[in-house]
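Numbering (this note's numbering), first residue to last: 864 to 1087.
Just so it is clear, CB atoms sit at the ideal spot from N, CA and C, and this is done for glycine as well.
Only a predicted model underlies this, so the values are computations on that prediction, with no experimental measurement involved.
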C-alpha cells in the first residue's frame, strides 16, 4: 500500500512539475509574442514615418514665350544654376524639351517637370497639345524687349485662355539686370522704344488674374 501511495504521489508531483513547465513555456511564448507584436508595430510606425518623410510632390511647369523672352536661358538656370552660359555649341534646351529639377521644401521633396514650348509658326497648331498637362503656366518675356511683351498680350494669353482657362499662370519678366543699363536704354531709345516697367507687368497680372508677376535677373536669379 505504501508503495502504491508513494507511486501515486510521485506521479502527482511529476504531473505538477510538467504543468508548471507548460505554464512557464506558455507564459514565455506570450511574452515573446507580445515583444514581437511590439517590434512589428514599431517597425510599421518607422516605415510609415519614413514614407511620410520621403513623400514626393510632383508638379509640371509649362514655359511659354517667344525667342526674345529668354525663356530657354531661364529654364537652363533653374536646372543648372548660375554660372554657365548657353552657346550655340551647348544649346541643350530644345523646343518642346522636357527637363526635371528637384528640391526640398519643409521636409518634402518637390519634383518639378519643366516642359518647354516653341513660338514658331510651324508649331502653332500643336503647341496647345503640351498645354493640357500643365499644372502651372510660366509665360516669359524680356524686360528689354517690348516685342516679347506684346506677344504675351496678343498671342500667348489669348491662346491659353481659349484652351485652358482654369490653369494658373505666372508671368515672368527676364533680364531685370539690364533694364536700367544706360547703354541699353539709349539703344532702345534710338528705336523709339523703352524697357518694360514693373507697373506694366503688374497691370497685365491684375487684368488677367495671374497668380503672380515676377521679375528675374538671369545673372543673380533675383526673385528666385
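For residue i: DSSP bridge partner residues
{"i": "residue 925", "result": "978, 1000"}
{"i": "residue 1078", "result": "1036"}
{"i": "residue 1005", "result": "1037"}
{"i": "residue 920", "result": "973"}
{"i": "residue 984", "result": "Paired residues: none, contrary to the question."}
{"i": "residue 966", "result": "973"}
Where residue i falls: helix, strand or coil (DSSP)
{"i": "residue 972", "result": "strand"}
{"i": "residue 941", "result": "helix"}
{"i": "residue 1022", "result": "helix"}
{"i": "residue 1072", "result": "coil"}
{"i": "residue 959", "result": "coil"}
{"i": "residue 1047", "result": "helix"}
{"i": "residue 1027", "result": "coil"}
{"i": "residue 931", "result": "coil"}
{"i": "residue 1042", "result": "coil"}
Pick from the options that is closest to residue i, judged by C-alpha positions
{"i": "residue 971", "options": "929, 1072, 919", "result": "919"}
{"i": "residue 988", "options": "1022, 1000, 964", "result": "1022"}
{"i": "residue 1081", "options": "1017, 1070, 1056, 1040", "result": "1040"}
{"i": "residue 1038", "options": "1008, 1066, 1057", "result": "1008"}
{"i": "residue 1072", "options": "1031, 964, 1004", "result": "1031"}
{"i": "residue 923", "options": "957, 929, 933, 973", "result": "973"}
{"i": "residue 978", "options": "1018, 935, 1029", "result": "935"}
{"i": "residue 1036", "options": "985, 1014, 1028", "result": "1014"}
{"i": "residue 1033", "options": "1060, 960, 1078, 956", "result": "1078"}
Buried or exposed by the 16-neighbour rule on C-beta atoms within 10 Å, applied to residue i
{"i": "residue 1012", "result": "buried"}
{"i": "residue 865", "result": "Low confidence applies to residue 865: its pLDDT is 39, below 50, so where it sits in the model is not reliable enough to give any reading."}
{"i": "residue 966", "result": "exposed"}
{"i": "residue 1002", "result": "buried"}
{"i": "residue 931", "result": "buried"}
{"i": "residue 1096", "result": "Any property of residue 1096 remains undetermined from this structure, which presents the chain solely from 864 to 1087."}
{"i": "residue 993", "result": "buried"}
{"i": "residue 1043", "result": "exposed"}
{"i": "residue 1019", "result": "buried"}
{"i": "residue 998", "result": "exposed"}
{"i": "residue 1058", "result": "buried"}
{"i": "residue 981", "result": "buried"}
{"i": "residue 1061", "result": "exposed"}
{"i": "residue 957", "result": "exposed"}
Distance, residue j Cα to residue i Cα
{"i": "residue 995", "j": "residue 1045", "result": "42 Å"}
{"i": "residue 1053", "j": "residue 969", "result": "49 Å"}
{"i": "residue 1051", "j": "residue 991", "result": "33 Å"}
{"i": "residue 1074", "j": "residue 1068", "result": "8 Å"}
{"i": "residue 938", "j": "residue 1005", "result": "14 Å"}
{"i": "residue 1055", "j": "residue 921", "result": "45 Å"}
{"i": "residue 953", "j": "residue 940", "result": "Because residue 953 sits at a pLDDT of 45, beneath the cut-off of 50, its placement in the model cannot be relied upon, and the point is left open."}
{"i": "residue 963", "j": "residue 927", "result": "17 Å"}
{"i": "residue 1024", "j": "residue 1017", "result": "12 Å"}
{"i": "residue 914", "j": "residue 959", "result": "Only weak support exists for where residue 914 lies, its pLDDT of 45 falling under 50; the value from the coordinates is given anyway. Cα-Cα distance, rounded: 33 Å."}
{"i": "residue 925", "j": "residue 1049", "result": "34 Å"}
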